[in-house]
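Here's the structure we're looking at; comments come further down.
In this note's numbering, the protein residues as written are 489 to 686.
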């Protein structure tokens, strides 16, 4: 993702180019969702904040001082909207909930393939629960950082810094410490080294 390319995309979108808007949403939608998920809002609240963040961009796109840094702008806007939503809702953010996963699908006439697939899905779900349980026990800064870094497409360190209010130079070392802590949590929980390092 070139800076000039991003800046041109923003300029075109500000002029009403729908394809440019779609390009911006495609390029930065994952980053915006990652920032919002770090605040652990409910699905409906998260969707509202996601839409409001894009509305804020639409309101300000023609006045952006640095169009090539729209990703950082969106990350900051998403964070502000989350905080505003939490303040107006007057509730605390849960910090130790484990993501709820649905059990394996039921099959009327299970075949060998269906049974194997259901078993694999169950194992994947157990691994996912173990992983998110370990993540939930990390310090809040680590949880936020890892969630933002998992966005697709991956955000730049400048965008991560803007989303979380961190210096760019501290992101790599903090990420390494957080991943070490996560690995230690998984190993302490009886998860194999191969899973913890994957």
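Yeah, the Cβ is synthetic: ideal placement off N, Cα and C, and Gly gets one too. Computed from a predicted model, the values in this text were never measured in an experiment.
Let's see if you can read the secondary structure: which residues bound the alpha helix (DSSP H) around residue i?
i	result
residue 657	656 to 676
residue 527	Looking at the DSSP string, residue 527 is not in any alpha helix (DSSP H), and its letter there is neither H nor E.
residue 625	Premise fails: residue 625 is in no alpha helix (DSSP H) and is neither H nor E.
residue 639	Per DSSP, residue 639 belongs to no alpha helix (DSSP H) and is neither H nor E.
Tell me the rounded alpha-carbon separation between residue i and residue j.
i	j	result
residue 508	residue 607	44 angstroms
residue 671	residue 552	41 angstroms
residue 651	residue 505	27 angstroms
residue 585	residue 622	Since pLDDT at residue 585 reaches only 48, below the 50 mark, its modelled position is unreliable, and the value read off the structure follows with that caveat. The straight-line gap from Cα to Cα measures roughly 11 angstroms.
residue 635	residue 495	26 angstroms
residue 557	residue 647	8 angstroms
residue 656	residue 644	10 angstroms
residue 611	residue 554	46 angstroms
residue 642	residue 561	16 angstroms
residue 589	residue 526	In this predicted model, residue 589 has a pLDDT of only 40, less than 50, meaning its place in the structure is not dependable enough to derive any value.
residue 516	residue 571	20 angstroms
residue 613	residue 649	31 angstroms
residue 576	residue 493	37 angstroms
residue 574	residue 605	40 angstroms
residue 615	residue 626	17 angstroms
residue 511	residue 624	33 angstroms
Note down, in chain order, each residue of its chain lying with its Cβ closer than 7 angstroms to the Cβ of residue i, except the 5 sequence neighbours on either side.
i	result
residue 532	none
residue 638	522
residue 630	666, 669
residue 518	639, 640, 641
Looking only at its own chain, which residues have a Cβ that is under 6 angstroms from the Cβ of residue i, when we skip the five neighbours before and after it?
i	result
residue 566	520, 523, 524, 541
residue 593	Bear in mind that a pLDDT of 49 at residue 593, under 50, signals an unreliable position, so the number given afterwards is only what the model happens to contain. Counting only Cβ-Cβ distances below 6 angstroms, and skipping sequence neighbours, we find nothing.
residue 684	Because the pLDDT of residue 684 is 42, which lies under 50, any placement of that residue in the model is unreliable, and the number read from its coordinates should be weighed accordingly. Contacts found: 671, 674, 675.
residue 569	537, 540, 541
For residue i, which residues from the same chain have a beta carbon less than 8 angstroms from its beta carbon, with the 5 sequence-adjacent residues on both sides left out?
i	result
residue 654	633, 648, 662
residue 677	618, 621, 622
residue 660	645
residue 513	542
- Query: Are the region 494 to 503 and the region 528 to 542 touching by the rule of at least three beta carbon pairs closer than 8 angstroms?
  - Reply: no
- Message: Counting beta carbon pairs with one atom in the region 541 to 555 and one in the region 650 to 665, are three or more of them shorter than 8 angstroms?
- Response: no
- Could I get the ranges of all uninterrupted alpha helix (DSSP H) runs contained in the region 527 to 581, with 4 residues as the minimum, in chain order? Segments of the alpha helix (DSSP H) lying fully in the region 527 to 581: 531 to 548, 558 to 577.
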